[in-house]
Structures are given as structure tokens and as C-alpha cells.
Amino acid sequence: MDRQTTTTSQTPVVTTEALTKKYGDRVAVDRVSMTVLRGEVYGFLGPNGAGKTTTLRMLLGLVRPTAGSASIGTNRIGALIEGPGFHPYLSGRDNLRTVARFRGFADAEVERVLERVDLADRATDKYKGYSLGMKQRLGVAAALMGDPELIVLDEPTNGLDPAGMADMRALVVDLARGGQTVLLSSHLLAEVQEICDRVGVINNGRLLRQSTVAEMRGGSSLRVRATPEPEALAVAMRLAGDEGVRRTPAGLALDLPADAAPHLIRELVAAGVDVLEITPAERSLEEVFFEMTSPQLSSVPEMSSAEKEPVS
Amino acid sequence: MSTMTAPVDIGRATRAEMLRLRKWPAVWITLGTWLALSLMFGYLFNYLSYATGDNSFSNEGATKATLLAEMMPANAPNVFLQGMPMFGGALMLVLGAIVAGNGYGWGTWKTVFSLGVHRSGAILGSLAALTVFVMATLVTSFVFDLGLSMLVATTESQDIVMPSLDSVAEAAGAGFLVLEMWALIGFALGTIARGPALSVGLGLVWALVVENLLRGVGQLLDWVDTLTMVLPGTAGGSLIGSIVGLDGADTAPGILDTVSGPQAAITVACYIALAAVVSIVVVRRRDVA
Numbered sequence: 001m002d003r004q005t006t007t008t009s010q011t012p013v014v015t016t017e018a019l020t021k022k023y024g025d026r027v028a029v030d031r032v033s034m035t036v037l038r039g040e041v042y043g044f045l046g047p048n049g050a051g052k053t054t055t056l057r058m059l060l061g062l063v064r065p066t067a068g069s070a071s072i073g074t075n076r077i078g079a080l081i082e083g084p085g086f087h088p089y090l091s092g093r094d095n096l097r098t099v100a101r102f103r104g105f106a107d108a109e110v111e112r113v114l115e116r117v118d119l120a121d122r123a124t125d126k127y128k129g130y131s132l133g134m135k136q137r138l139g140v141a142a143a144l145m146g147d148p149e150l151i152v153l154d155e156p157t158n159g160l161d162p163a164g165m166a167d168m169r170a171l172v173v174d175l176a177r178g179g180q181t182v183l184l185s186s187h188l189l190a191e192v193q194e195i196c197d198r199v200g201v202i203n204n205g206r207l208l209r210q211s212t213v214a215e216m217r218g219g220s221s222l223r224v225r226a227t228p229e230p231e232a233l234a235v236a237m238r239l240a241g242d243e244g245v246r247r248t249p250a251g252l253a254l255d256l257p258a259d260a261a262p263h264l265i266r267e268l269v270a271a272g273v274d275v276l277e278i279t280p281a282e283r284s285l286e287e288v289f290f291e292m293t294s295p296q297l298s299s300v301p302e303m304s305s306a307e308k309e310p311v312s
Numbered sequence: 313m314s315t316m317t318a319p320v321d322i323g324r325a326t327r328a329e330m331l332r333l334r335k336w337p338a339v340w341i342t343l344g345t346w347l348a349l350s351l352m353f354g355y356l357f358n359y360l361s362y363a364t365g366d367n368s369f370s371n372e373g374a375t376k377a378t379l380l381a382e383m384m385p386a387n388a389p390n391v392f393l394q395g396m397p398m399f400g401g402a403l404m405l406v407l408g409a410i411v412a413g414n415g416y417g418w419g420t421w422k423t424v425f426s427l428g429v430h431r432s433g434a435i436l437g438s439l440a441a442l443t444v445f446v447m448a449t450l451v452t453s454f455v456f457d458l459g460l461s462m463l464v465a466t467t468e469s470q471d472i473v474m475p476s477l478d479s480v481a482e483a484a485g486a487g488f489l490v491l492e493m494w495a496l497i498g499f500a501l502g503t504i505a506r507g508p509a510l511s512v513g514l515g516l517v518w519a520l521v522v523e524n525l526l527r528g529v530g531q532l533l534d535w536v537d538t539l540t541m542v543l544p545g546t547a548g549g550s551l552i553g554s555i556v557g558l559d560g561a562d563t564a565p566g567i568l569d570t571v572s573g574p575q576a577a578i579t580v581a582c583y584i585a586l587a588a589v590v591s592i593v594v595v596r597r598r599d600v601a
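Heads up: the sequence lines are chains A and B, in that order. All residue numbers for the first sequence refer to the numbering used here, where the first residue is 1 and numbers rise by one. All residue numbers for the second sequence refer to the numbering used here, where the first residue is 313 and numbers rise by one.
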């Protein structure tokens, strides 16, 4: 289920224009222009090494862009970038107190965020004794300090167990309900699909697409397993158009509504094609992501022999 | 560009850094090491030589009367200063290097900077907190030395003659300059190296070995001799030497008379300013991973 957009305005809070970062000859981020709107949860997706963290670092001023610009329309920012960084010999509470002093917050704010991430009971423990999940939660606590308007979370669920992931998901949804803008980088696509309003997909340093989750996933489709495939493909392309047919490991995916299935079956049978399976389906964000970032998957030469077996 | 960084507030940054420094065992270990060295080389070995009548490397044949006089309260400012060019400087260099460098290894600078804290303010706050600890080290060390000297005087039934305020002030000023210089050089090295290990290693090799070697080479090559006059070890050693004086083979290691006291003080002050500026400029300009 996609998150319903209820609080998003059209005012951009984060804007980048042709943001570029080069390390020598290697282009880590290539002319990325993205916009995050006030009050939305924006999912920033990409494979490892795609340029997500470098982009976020440029946004936060940690890394200087080689070219382009990034602007943030608020000074109230919280961020957790590529894992938490704290003093191992200090307790969780003292680490947050250090951050609070740097930022001019009272100690009461430390207690508030400790409660928020459910770390109050372990606040006096040394950071070096924390589990990975607790360290991650402490990093989120530091990001939540001062009730920021914009929260940038880079892989916040890293190291969390399933319950911790669910808590983090609930936290992000809660933040968005409170009107805070969340820029979330994550590998967990189902999670992003569930909680994000809009997503941007980056690969090899380039922003491939930026849209709402619904637009990204496209409309409903029909999944067809049929043989012989070339004839099936020809019929499919005639009905759905060249752009409306994709070859996937599971068969053909056609951008057609579910009620087009009877007509499609008739056309396939008339063309001498055996229809093994036809299923109405919605593409998940994960499927779209892999299609965008793994070109080889969108041009699978033929189905596996197992998929050619007729359904008995 | 991003508009996120908050205005510089050095006071807030100093308080933040003070919190983490005073709870850091490494800081107290450094201070404890310095006090232990002061105890051993300032009083313990001298007192044992005085009490047993044996010569040791630390008294170099001094008479018992001389040994006792050196341990009296009036001489406490000199004892306080004698270890600074060598051991005190090295320890402060280590402290400065770990204060700056560990923040990169632990990712704490990244955390602070990503939350909108202005880089210059954060570094100035860290330098200020480090300076507070240098001053605390000075005060603790002097009180410790004075206490030990009074203990020796009482034990040996000597009159307790306190050092003059002028000599205390002079020793405190010179000691502060030397320790602050090495602490900030360590901070700059830790910043440049983005970690404590390399900066501590290189700093100690420089302070304890390379400068001494260069001074040796300087006796053969004029231009090297000129160069050594502006090196930090020469400046620090000469500043201390201008106060405690050189006493032949009895002179503590690192104490020199290569340049005059005022010239040495100016050179040391320049190194303090240079190290602070380098640290801030490097942090402001670099990418933080």
C-alpha cells in the first residue's frame, strides 16, 4: 500500500541543480537535479555505489560539489549519514548531550529524543557497548534533536532487527504525519514503497527518474506466460504497443488493465499461442527499480526451460 | 549552495568539547603520565641520590647541597619547566593529535558537521577546550611540584621559602606557550592526518628525533643551522632555557640557548597561531567522509 499524501505542499525544501561530484576522473554524482517538497517522505533509491550518500553529503555540506548547487530551505535539519558516529567512551546520554551543546539545545531535549527512540533505559551505558541497532537508534535520536523541519536519513534501518525496522518505519511515518520532511535513503524497497510519497532513483551517479511512487510503479498490468514466446510477444506488442511490453524472468508484462485479459487470451489463441498463465498484477517498486538499474533484466533473451513447462 | 550551517558559536562548541574531554580517560592518562614524570625526574631520583649519596644520571655529580636546593619550593618553577621541552611537549602533542584525530576515526566530526554546526566554530571550540586542558595541566603540575618540594623541605627540616610571584608568572607564561604550541601542533597533525596514529607517530619522531638530528647536522651546514633556529623544538627549548638557564651536563634534555628568550617566545606564538589557522583552514576546505 502506498502512503497517502496528505500533508505535502508544493514548496521545495531541498533543491539540487546539476549537482556533480568528481573524484579524479570518476564521476560519483552526475548532474543530479532533485526536489524534495515540504512535508513529504522522499525515498532516495539506488544500488550500492550509485551516488546516494555522496549526494546527501553534498546536500549537508559535508562534501563540496564539483559543479552545480544544492540548497536547503531551512536551518532546522537533522541527519544520519552512513551510520552513526559517536564517542565510544561516553554514554549514549553524554554523546547526545555533546551534540546538544554544539547545537544549543537544553538537556531536556536529550531526554525527549532518548524516549523517542526507546533508548532511555540504556542511556547511561557506554556507546561502545551498544548493539548495532542501538547505535543506529542513537544516531536517529541525534537527528531528531530540536524537532527539525527536514530529516535526512541514510540507510536508517541498517543493523536493525525486524522489530527495529518496523519501529523505524513507524517513526518515519509519524514524523511525516507531524509535517516534517523526510529524505530517506534505503535499500529496502518494500519499505520505501510503503512509506514514501515520492522517490528518486539514482544509478551510476545519475538521477534516472523522480516521481510519485504510484507514477513510478505505473498502472496495473497483465503477466502472461505463453508459448511460443515470439508469437506471444508479437500479439502482446500489437495490443499494448512497443513501450507497453516488457520481458521479465517470469514472462511478459503488458501495460493493460485487468479487464483486457479475455481479449488478450482470444488474440493469443487465435495466433496459435498456448496460454500457460495470465495474471493481473501491479508492479512493485522493487521490480521497477531493478528494471531501471539492471538493464540486463529488461532484455532477458528467453524464458527459462522451467517457465516453458505447460501448466498441468 | 546549502544554507544549513548555523552561526559560529564558539562558547557552545567549547562547552560541548569540554564535556567529552573531561570524560575521556585518555586525557586523564596523559595528565597522570606528565605528573608521574614530574615526580620521578623532578624529585624522586634527585631525592634518592640526595638521601643515599649515590650519583645517578639525573644528578650528574651535583653536590648534596645543590640537589637539596633544587628540590626546595623556591626552585619549584624551574623544576616545573624543565621537563616541558621534551616530555611535556611530547605528551601535549599526543593529546592534541587524539583530540582532533579520533573525531575522524569515530565519525564524530561527521555527526557534528552534518547537523549544521559551523565548522570553524566547532574547531575553535575544540581548540579552546584543548587550551583549557593545557592550562589545567599547567596548574595541576605546578601545584603538584610545589607540594612535592614542600614535602621535601619539611622532611629535611628546611625553611619553606616560596617562589616569587614574578618567577611563578614567568614560568606559567613560558610553560603555557610551550605546551600550547605542542598541543596545537598535535591538533593540526591529527586534523591533517584524519586520525591519531599517524599524527602521533610523525609528531613524536619529529619532536624527539628529527629536530635533534637536524641540530647536529646544523653544526656542519650553515643553512641547516639557520633552519633549526625557527623549528618548534628549538624555540620551545630556548624559551625554557632562557628562564631556567643551562647548567652544562646537568641541563634537562630539550633545554637550549640557541635563540634569545623573546625571539623564542615570538616563534612559539607564531607556531600556535599557525597550527590553529592550519587546522581551521583544512577543516573548512576538506570533504568530510
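C-beta atoms are modelled at their ideal positions from N, C-alpha and C, and glycine is treated no differently. This structure is a prediction, so every number in the text was calculated from the model and none was measured.
query: Since B:Q394 is in the alpha helix (DSSP H), which residue starts that stretch and which ends it?; result: 388-394
query: When Cβ atoms are compared, which residues of the stretch 319-331 of chain B fall closer than 7 Å to chain A?; result: D321, R324, A325, R327, A328, L331
query: Measure the alpha-carbon distance for A:R332 versus A:S71 and round it to whole angstroms.; result: Residue 332 of chain A lies beyond the range of chain A shown here (1 to 312); nothing can be said about it.
query: Does the pairing of the stretch 95-109 of chain A with the stretch 455-472 of chain B give three or more beta-carbon distances under 8 Å?; result: no
query: Would A:F44 and A:L208 be called neighbours here (beta carbons separated by less than 8 Å)?; result: no
query: Starting from A:L60, trace the beta strand (DSSP E) both ways and give me its first and last residue.; result: From DSSP, A:L60 is part of no beta strand (DSSP E); its letter is neither H nor E.
query: Taking 8 Å as the CB-CB limit, is A:T98 close to chain B?; result: yes
query: With 7 Å as the C-beta to C-beta threshold (strictly closer), list the residues of the stretch 406-433 of chain B near chain A in chain order.; result: W418, G419, T420, K422, T423, V424, F425, S426, L427, G428, V429
query: Between the alpha carbons of A:G78 and A:E149, how many angstroms are there, rounded?; result: 8 Å
query: Using 10 angstroms around the beta-carbon of A:D259, count the other beta-carbons present and answer buried if the total reaches 16, otherwise exposed.; result: exposed
query: Use the C-beta contact count for B:G530: other C-beta atoms within 10 angstroms, 16 or more gives buried, fewer gives exposed.; result: buried
query: Whole angstroms is fine: what's the gap from A:A18's alpha carbon to B:F425's?; result: 23 Å
query: DSSP has A:I202 in a bridge; who is on the other side?; result: A:L207
query: Contact criterion: CB-CB distance below 8 Å. Does A:R31 meet it with respect to chain B?; result: no
query: Closer than 8 Å, CB to CB, is B:P337 near chain A or not?; result: yes
query: Tell me which residues share the same chain as A:R38 and place their Cβ nearer than 6 Å to its Cβ, disregarding the 5 neighbours each side in the sequence.; result: S9, T11, V13, T181
query: Give the interface partners of A:V140 over in chain B, defined as CB-CB distance under 9 Å, in chain order.; result: Within chain B, no residue comes near A:V140; the closest Cβ sits about 12 Å away, beyond 9 Å.
query: Looking only at its chain, what residues have a beta carbon closer than 7 Å to the beta carbon of A:V41, apart from the 5 residues adjacent to it on each side?; result: R3, V172, A176, V182, L184, I195, C196, D197
query: Is any beta-carbon of chain A found at less than 8 Å from that of B:V593?; result: no
query: Do you know how far the Cα of B:V339 is from the Cα of B:A448?; result: 11 Å
query: Whose C-beta lies closer than 8 Å to the C-beta of A:L297 among residues of the same chain, with five residues either side of it excluded?; result: Since pLDDT at A:L297 reaches only 44, below the 50 mark, its modelled position is unreliable, and the value read off the structure follows with that caveat. T248, P249, F290, E291, listed in sequence order.
query: Based on the DSSP output, what are the partners of A:P280 in its beta bridges?; result: A:L222
query: Quick one: is B:T375 buried, meaning 16 or more other Cβ sit within 10 Å of its Cβ, or exposed?; result: exposed
query: Does any C-beta atom of chain A lie closer than 8 Å to the C-beta of B:D599?; result: yes
query: Along the chain, where does the beta strand (DSSP E) containing A:P334 start, and where does it finish?; result: For residue 334 of chain A there is no data in the structure shown, the boundaries of chain A being 1 and 312.
query: For A:G272, count neighbouring C-beta atoms within 10 Å of its own C-beta (all shown protein chains included) and say buried if the count is 16 or more, exposed if not.; result: exposed
query: According to the neighbour-count rule (16 or more other Cβ atoms, all chains shown, within 10 Å of its Cβ), is B:G433 buried or exposed?; result: buried
query: Might you give, ordered along the chain, the residues of its own chain that have their beta carbon closer than 8 Å to the beta carbon of A:I151, omitting 5 neighbours on each side?; result: I77, G78, A79, A143, L144, L175, Q180, T181, V182, L183
query: Any beta carbon of chain B sitting closer than 8 Å to that of A:L297?; result: Bear in mind that the predicted position of A:L297 carries a pLDDT of just 44, short of 50, making it unreliable; the figure below should be weighed with that in mind. False, the Cβ-Cβ gap to chain B never drops below 8 Å.
query: Starting from B:G530, trace the alpha helix (DSSP H) both ways and give me its first and last residue.; result: 523-530
query: Pick helix, strand or coil for B:A486, following the three-state DSSP scheme.; result: helix
query: Can you pull the chain D residues whose beta carbon is under 9 Å from the beta carbon of A:D94, in chain order?; result: Chain labels in this structure do not include chain D; the protein chains are A and B.
query: Which of the three DSSP states is assigned to B:V473 in this structure?; result: coil
query: Within a Cβ cutoff of 7 Å, which residues of the same chain sit near B:M500, ignoring the five residues on either side of it in sequence?; result: Position check: residue 500 of chain B holds Ala in this sequence, whereas Met was assumed. Answer for B:A500: A587, V590, S591, listed in chain order.
query: Helix or strand or just coil, what does DSSP make of B:S461?; result: helix
query: Out of B:A381, B:D321, B:L403, B:A601, point me to the one whose CA is closest to B:T345's CA.; result: B:L403
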